[in-house]
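Positions in the sequence shown are counted from 1; adding 363 to them yields our numbering. Structure first, commentary second.
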Amino acid sequence: MIDVCFAGITGWTAPAIVAAIAQADDLTLSSGVSRSAAGQSLAAAAGSASHGYVYATVAEALQSAPADVLIDYTSAAAVKTNVWTAVRAGVHRRCSLGQLRSAASFPPPYQTDPSSLVVSPGRATEYPVT
Numbered sequence: 364m365i366d367v368c369f370a371g372i373t374g375w376t377a378p379a380i381v382a383a384i385a386q387a388d389d390l391t392l393s394s395g396v397s398r399s400a401a402g403q404s405l406a407a408a409a410g411s412a413s414h415g416y417v418y419a420t421v422a423e424a425l426q427s428a429p430a431d432v433l434i435d436y437t438s439a440a441a442v443k444t445n446v447w448t449a450v451r452a453g454v455h456r457r458c459s460l461g462q463l464r465s466a467a468s469f470p471p472p473y474q475t476d477p478s479s480l481v482v483s484p485g486r487a488t489e490y491p492v493t
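Below you can see the structure in the form of structure tokens.
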């Protein structure tokens, strides 16, 4: 399973993303990030069946719960800091910004390596992390 940390868990995009994670057989929501819902369970904050919690910052979430992927739907001002926080925390297999897709749904040639940074403002795109 791929553990997902979702920053922006209480935002307007959250219901569709939480549902997509729940439907994917290779993803599990391990934590969420929202200043307004920090301390709540994922169930209370986002209606998720996952057993994780919501944290005030990406750094707190990544220190408290396993994560292979960061999905960031916060703000343009926060994204760069959040991605670098994730990379420094070891979440460098995939960092995802934008449209959620399972790793298996990437078109070839993008399925080649799990060591990747996925940046997706409108569609899945994969770039190697160097």
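The beta carbon of each residue, even a glycine, is placed where N, CA and C say it ideally should be. Given the structure is predicted, the values throughout are model-derived calculations rather than measurements.
Within 10 Å of its beta-carbon, does Val-438 have 16 or more other beta-carbons around it, so buried, or fewer, so exposed? In the sequence on display, residue 438 carries Ser and not Val. With fewer than 16 other Cβ atoms within 10 Å, it is exposed.
Expressed to the nearest angstrom, what Euclidean distance is found between the alpha-carbon atoms of Arg-451 and Leu-433? 12 Å
Three-state secondary structure (DSSP) of Val-381: Val-381 falls in the helix class under three-state DSSP.
Over the uninterrupted beta strand (DSSP E) stretch that includes Ala-544, give me the two end residues. A query on residue 544 cannot be resolved here, the shown segment of the chain reaching from 364 to 493 and no further.
Alpha carbon to alpha carbon, what distance is there between Ala-406 and Ala-419? If I take the Cα positions, the gap works out to 16 Å.
With burial defined as no fewer than 16 other Cβ atoms inside 10 Å of the residue's Cβ, what is the status of Asp-388: buried or exposed? exposed
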